[in-house]
Each structure stands twice: as C-alpha cells, then as structure tokens.
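Protein chains in written order, with our numbering: chain E, 93 to 425; chain H, 281 to 516. Note that beta-carbon positions come from the ideal geometry of N, C-alpha and C, so glycine has one too. None of these values were measured; they are calculated from a predicted model. In what follows, a single structure is set out as structure tokens and then discussed.
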Amino acid sequence: MTPKAVIEILKTGPLNTVQDAGRSGFRDIGVSVSGVMDPLAFRAGNILLGNDENAACIEVQMFPFKVRFLADTSIAVTGADCRTKLDGEELPPWWACSVRTGQELEMQFPRSGARSYLCVAGGIDVPVVMGSRSTALRGGFGGTDGRPLAKNDRLAACDSFISPLPAQGMGIEPPQIALANVFPTSTEGLVQLRAIPAGEYALFEADLPRFWSQPWKVSLHSNRTGYRLSGEPVTPSKVIEMRSYGLIPGIVQVPPAGEPIIQLADANTAGGYPKIAGIIEEDLWRLAQVQPGQSIRLVKSDAREAIGVARQINQWFSRLRDNVMPVKTVMGF
Amino acid sequence: MTIVSHEVPSRVSYILASQGDNIKISTIGSRAWLIEAPGDFDLPAQRRIWSLAATLRMRDDVESLIPGVTNLLVLFRQTPEDYDATFALLAGAWEQAQAVHPQGKLIEIPVIYGGEHATDLDAVCQHTGLSPRDVIRRHSQGCYTVFSLGSAPGFGYLHGLDPSLATPRKKVPSLNMLKGTVTIGGAQTGVSALTGPNGWNAIGFAELTLFDPCAENPALMAPGDSVRFLPERIEL
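Written out as structure tokens, the structure is:
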C-alpha cells in the first residue's frame, strides 16, 4: 500500500534532502550520522506542528525550491529566512500555517542564513532505514532511495492526530533573536563559534594566537560533509602520522596545507588528520546557517560553557512547547 | 569539491605519534573522549581496545563507542560535569582492560588479482621492488584481522599485511574506484565498500557486498573477524 502523497516537488536544486535528527547508532560500522544541519530550526518546526520532534522534514539548501500540496495539511518553515511564498503571498520567517490542496510554496535564496526546513504535519513518510529517515548520500540509502530530492518526486506524510493550524498561521521568534545573549556575535558582526582544544592542540602552539584571533572565511568548497576554512594557515611544530580515529561533527582538523576543516553531519566516522579543536555541538546550528564566502570567528571554550548553553537551548524548547500547545488548543478546530 | 574519504599525506616522511608508555586521553568537543593506546600499531593493543569497549558498552551514560586503530572514541549521552572524574574513569577502565580474543568469524574472500581493476599493482611493485606474482602471493597468504570499521559504511581496516607490501596511499586518489576493489593503504589492506574516490592502491577485485543497510547486520565485517583472500584468478 502506498501512502497518500501530500507534497510534490516542482523545482529543486541538486542537494536538497529528507532528514531527521540523524542515525547515531551505527558510527562504529562506518555509517555517518547524517541528519539536519540545524537541529534548532528542525525541532522548532516540529514543535510548531505538534509533531514528534524527530519527525522527518525537507532540508533545503539549494534554492529556489518549490512544491505543490496534494492534500490539505499544515506546514512549518524555519531556519534561514528564504522569503517563502505561499501562492505568491510572502510568509514571515519561522512560520506555521495550514495549506490546502493545490497551493504552491516557493522558497527563495535566503536573505540571511543558508538552510531552511520545511516540516509537514506528521512528518515526511519515507522508510526508516537503520533507525532513521535521514538521507545518507554517500552510502546511497535512507530518505528518498538514498538520493537528493528531484523534480516530480511525491512525498507522503505520516499520520497526524493534531488539530490543524488556523489558516492565518502562527510564528515564533528565531533563536538568533530569542537567544541572542546566549550565542555571541563579534563586534564586526561575525558568528562566533565556541571551540574546545582537542588532542593535538599543543602541536600548533606557535600558531595558536593566529588560530583564535583571525576571522576564518568559509570556503566555497563547503557542504554537509564539512566546511573548509580559509585564512592564514596554522602548522604543527612537527608532522605526525595519526592512526585512524573516530570523528564527530564539529571536530576541527588541520590537513597538511594548514587550513582547517570542520567535519559536519555527512562526515566520515573516522579520519587521521591532527585535530586542533572541537566546536561545541550546541553552536553547530549557527555554522549550518553560515553561507560559503562568509567569515566566522573561533572562541576558546570549555565543557562547562557547553553545558550552560545546552541548558539554555533546552529551556528555549520547553518555552516553545509551553507556548505553542495552548495556542493550538484554543485556535484549533 | 567534496572532502575525499582517504586522506592523502602531502609529505613522505612522518614521525609516528607516540605517547611513550601512557595512554593519551583527550576530548573532541564536550561529549566525546578519545583514548589512545600507547605503543605499537599491533594486535595486542587493539585487543585491549576491544576489551575497553566491551566494558564501557555496559554503561548507561555512554551513547556510542567507535573503536579506531589502537584507539577508542567514547561518546557520552550528556557532557560529563566532572572532567577529572571522567578522566579517572576512563584511565581506570584502561588499566582493567585485558587483551581479549574475540570469537570472530572467518571471512574468505575470492579475489581476482590483477586485471582491469588492479590499477595500482604496478605502483605497488615499483614501491616494494617485488614482482606482481610475489605481491599477489604474499597478499593472498596473509591472515588478516579486522581492526576497526570506518571511513565508509562497512569498510574494515585489516591488520596483518606482510610488511614488505606496505605502500603509501596515493597522492592523487582514484575518483571512481569500484566497491569490492582489494586495496593496500600504508601498512593496511582492505576491500572498498563504496564506489567512489579512494586513495588506496588497487591490486585486485572481489565480488562482495560489505554493507547492506536493509540487512539485520548491515556490515559483513566486525572487529576481531579473520579475513583470508583466496586467489580465484590471476590476470597479469
């Protein structure tokens, strides 16, 4: 039995995929985590719809992206402000509303940010493979047959028992505003990412001031696998051959050329470059919203700070749940 | 454009990372802790890593364990509040760890040595000074142990390569090496699990699926398994 399709893709770039929170249980057999690059936008979208917070969504990173709805349902669009239009009418960012059969939604190249999330009531229904609906592009499985979305794809949604949203919709304040005091920006307006020194940090001693003080430009060769940083290279005091070790998203490695790589959602599970630092995972959603060509700054941090940031994020999610549910109960049908 | 799977060293000579007699414990971000065994790249060290993993697997606060090559990445569910206590926990667990001999299975892999997929056999001969027949004989006589899985889904790093066959990874990776290609990378050997870019040296080909996401056990190989290569055909 084929579930009833609710979304048809009319227009898409080459690397838009179905994702959920990822596939974390199989790293030891070489399976990348995958999953959304911006978990805050993803979870907030699902909370707005009353979905399971791991319900699969469409991660849009290539614009324009356009869909037609094949059934009446509710949607949320979060993440990058991509000037979303529903039948030509612009929706505010971080917005959820009900949509009718035949309506068309178009997402444009973002004003700010890099990735937008289209969530649908119930979540996108693709088969669960190894515990997740995320697309594993490199392994060629998960999501829509292990490949990016293509024009004419039709996607079904899982059953939703939540009352539909009012047509006029409802929005929330994005975390970069609601949590502005938690996520720092430099005086020149650059995203500051907190990083904790890692195993080979001391080898780079001579270049550490430069590592922490310069703005790093996110190179155009950056994607879900990793972000390459351009700037004045940092080099170790001696060249060592590392034995292959487990990687996690956020690790900052330094290849021989001296320009760091930050491994991300689709990264390999193992690698062998020296590691200088690890960006705290609570800050990775901000990196996901940095467009190639923009610059970031790295700020030395520690586990205590990471725990504090994680707590603030969890409190934000709690407030969202508390605020969204009553609104839906009152305004629902 | 993409970050290729097998990193290519830019210089020929390396100093091996060594911690003397002590383990090295470091963190990656706040939740992941890396324990690196002291000493050589050898089977006893790896067996102790497996024992350490088996001990830590029983803990509720551990989300994932990723054994590497003589190291183990421990990913906790939450960032540990107490750095010193966590350090002591992991160091203590290492002290307790014994070199276990896992009851691995034996995987026999028929290989077509040489031929159209063995694009780097000449390079291996040149580097080792051996003839193609000698390379094939020494490779197929080896008894290998799966050290760890990684780099690609289901790819096993195999230990036990005849040292005379060790050949550095390629400076320029092959862009589209077929899955099932039998390769040598440094002092290790393996069978590529995915078709794609690959920096290891291709010497043969095996009709073999190492990874099936829909299978109950998606990866054919597991750490501790033994692997033998059976020369099915030699094309020179």
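Am I right that ILE388 (chain E) and LEU285 (chain E) are in contact with their C-beta atoms under 8 Å? What's the rounded C-beta distance? As a working note, residue 388 (chain E) is residue 296 in the first sequence. As a working note, residue 285 (chain E) is residue 193 in the first sequence. Right, their Cβ atoms sit about 6 Å apart.
Identify every residue that forms a DSSP beta bridge with LYS450 (chain H). As a first step, residue 450 (chain H) must be located in the second sequence, where it is residue number 170. Answer is none; LYS450 (chain H) lacks a bridge partner.
Three or more beta-carbon pairs under 8 Å between the segment 452-466 of chain H and the segment 476-487 of chain H, yes or no? yes
Please list the terminal residues of the continuous beta strand (DSSP E) segment that includes LEU314 (chain H). Against the second sequence, residue 314 (chain H) aligns to sequence position 34. Its beta strand (DSSP E) spans residues 312-316.
Counting along the chain, where does the alpha helix (DSSP H) carrying HIS439 (chain H) start and finish? Counted from its first residue, the second sequence places residue 439 (chain H) at position 159. Segment 436-439 is the beta strand (DSSP E) holding HIS439 (chain H); no alpha helix (DSSP H) there.
Mind checking if PHE296 (chain E) is an interface residue toward chain H, Cβ cutoff 8 Å exclusive? As a working note, residue 296 (chain E) is residue 204 in the first sequence. Chain H, which has no Cβ nearer than 8 Å to the Cβ of PHE296 (chain E), makes this no.
From the DSSP output, read off the bridge partner residues of LEU476 (chain H). Along the second sequence, one-based indexing puts residue 476 (chain H) at 196. One point to set straight first is that residue 476 (chain H) is Gly, not Leu, in the sequence displayed. H:MET457.
Can you tell me whether DSSP reads GLU343 (chain H) as helix, strand or coil? The sequence position of residue 343 (chain H) within the second sequence is 63, counting from 1. Strand, per DSSP.
Which chain H residues are close to ALA402 (chain E), counting only those with a beta carbon under 9 Å from its beta carbon? As a first step, residue 402 (chain E) must be located in the first sequence, where it is residue number 310. Under the 9 Å cutoff, chain H gives SER310, GLN358 and THR359.
Which one or two residues does DSSP pair with GLY370 (chain E) in a beta bridge? Within the first sequence, the letter at position 278 stands for residue 370 (chain E). The partner list for GLY370 (chain E) (beta bridge, DSSP) reads E:ILE288 and E:ILE343.
Determine which residues of the segment 229-262 of chain E have a Cβ less than 9 Å from any Cβ of chain H, and write them out in chain order. ARG230, GLY231, GLY232, PHE233, GLY234 and GLY238
Applying the criterion that 16 or more other CB atoms from any shown protein chain within 10 Å of the CB defines a buried residue, is ASN497 (chain H) buried or exposed? Numbered from 1 along the second sequence, position 217 holds the residue referred to as residue 497 (chain H). When all chains shown are included, ASN497 (chain H) counts as exposed.
On the criterion of 16 or more Cβ atoms from any shown chain inside 10 Å, does ALA334 (chain H) qualify as buried, or is it exposed? Here residue 334 (chain H) is taken as the residue at index 54 of the second sequence, counted from 1. The residue is exposed, with fewer than 16 neighbouring Cβ atoms inside 10 Å.
What beta strand (DSSP E) runs, 3 residues minimum, are completely inside the segment 98-162 of chain E? 109-111, 149-152 and 157-161
Less than 8 Å between C-beta atoms, sequence neighbours within five positions excluded: which residues of the same chain meet that for LEU441 (chain H)? Here residue 441 (chain H) refers to the residue found at position 161 of the second sequence. If we look at LEU441 (chain H) and ignore the five residues flanking it on each side, its Cβ neighbours are HIS419, GLY422, TYR424, ILE464, ALA467, GLN468 and THR469.
Against chain E, with Cβ distances strictly below 8 Å, would PHE509 (chain H) count as a contact? Position 229 of the second sequence, counted from the first residue, corresponds to residue 509 (chain H). Answer no: the Cβ-Cβ gap between PHE509 (chain H) and chain E never drops below 8 Å.
Taking the alpha carbon of LEU363 (chain H) as the point to measure from, which residue in E:GLY194, E:ALA398, E:PRO341 and E:GLU373 has its own alpha carbon closest? Stepping through the second sequence from its first residue, residue 363 (chain H) is reached at position 83. Looking at the sequence provided, one finds Tyr at residue 363 (chain H) rather than Leu. Checked all of E:GLY194, E:ALA398, E:PRO341 and E:GLU373; the closest Cα to TYR363 (chain H) is E:ALA398.
Taking the C-alpha atoms as reference points, what is the distance between ARG339 (chain H) and TRP374 (chain H)? Taking the first residue of the second sequence as position 1, residue 339 (chain H) is located at position 59. Taking the first residue of the second sequence as position 1, residue 374 (chain H) is located at position 94. The straight-line gap from Cα to Cα measures roughly 15 Å.
Residues of chain E with CB under 7 Å from TYR363 (chain H), in chain order? Along the second sequence, read from residue 1 onward, the residue named residue 363 (chain H) stands at position 83. What TYR363 (chain H) touches in chain E: ALA395.
Counting C-beta neighbours from all protein chains within 10 Å, is the total for ALA242 (chain E) 16 or more, i.e. buried, or is it exposed? To locate residue 242 (chain E), count along the first sequence from 1; it is residue 150. Classification for ALA242 (chain E): exposed.
Considering TYR393 (chain H), what are the terminal residues of the beta strand (DSSP E) in which it resides? Counted from its first residue, the second sequence places residue 393 (chain H) at position 113. 386-394 is the span of the beta strand (DSSP E), which, as asked, contains TYR393 (chain H).
Give the interface partners of CYS423 (chain H) over in chain E, defined as CB-CB distance under 7 Å, in chain order. For the purposes of this step, residue 423 (chain H) is identified with residue 143 of the second sequence, where counting begins at 1. None at all; the shortest Cβ gap to chain E is about 21 Å.
Mind checking if ASN143 (chain E) is an interface residue toward chain H, Cβ cutoff 8 Å exclusive? Sequence index remark: in the first sequence, residue 143 (chain E) carries index 51 (1-based). Judged by the 8 Å Cβ criterion, ASN143 (chain E) is not in contact with chain H.
Please compile the residues from chain H whose C-beta is within a distance smaller than 9 Å of the C-beta of SER126 (chain E). Start at 1 with the first residue of the first sequence, and residue 126 (chain E) comes out as number 34. Here the premise fails: no neighbours, minimum Cβ distance about 11 Å.
Rounded to whole angstroms, what is the Cα-Cα separation between GLY122 (chain E) and SER331 (chain H)? Here residue 122 (chain E) refers to the residue found at position 30 of the first sequence. Here residue 331 (chain H) refers to the residue found at position 51 of the second sequence. Looking at the two C-alpha atoms, the distance is approximately 20 Å.
CB of SER226 (chain E) within 8 Å of CB of SER314 (chain E), strictly: Translated into positions along the first sequence, residue 226 (chain E) becomes position 134. Translated into positions along the first sequence, residue 314 (chain E) becomes position 222. Contact flag unset, no.
Roughly how many whole angstroms lie between the Cα atoms of ASN146 (chain E) and GLN355 (chain E)? Counted from its first residue, the first sequence places residue 146 (chain E) at position 54. Counted from its first residue, the first sequence places residue 355 (chain E) at position 263. Roughly 23 Å between the two C-alpha positions.
Pull up the distance between the alpha-carbon of VAL221 (chain E) and that of THR279 (chain E), whole angstroms please. Numbered from 1 along the first sequence, position 129 holds the residue referred to as residue 221 (chain E). Numbered from 1 along the first sequence, position 187 holds the residue referred to as residue 279 (chain E). Looking at the two C-alpha atoms, the distance is approximately 45 Å.
Three or more C-beta pairs under 8 Å: does that hold for the segment 95-110 of chain E against the segment 246-265 of chain E? yes
According to a CB-to-CB cut-off of less than 9 Å, which residues of the segment 330-351 of chain H neighbour chain E? ALA333, GLU343, SER344, LEU345, ILE346, PRO347, GLY348, VAL349, THR350 and ASN351
Give the DSSP bridge partners of TYR199 (chain E), in chain order. Residue 199 (chain E) sits at position 107 when you count from the first residue of the first sequence. Correcting the residue type first, residue 199 (chain E) is Met in the shown sequence and not Tyr. According to DSSP, MET199 (chain E) bridges with E:PHE157.
Closest by CA to ALA398 (chain H), which one among H:ASN478, H:PRO448, H:VAL380 and H:ALA482? Along the second sequence, one-based indexing puts residue 398 (chain H) at 118. Closest by alpha carbon: H:ALA482.
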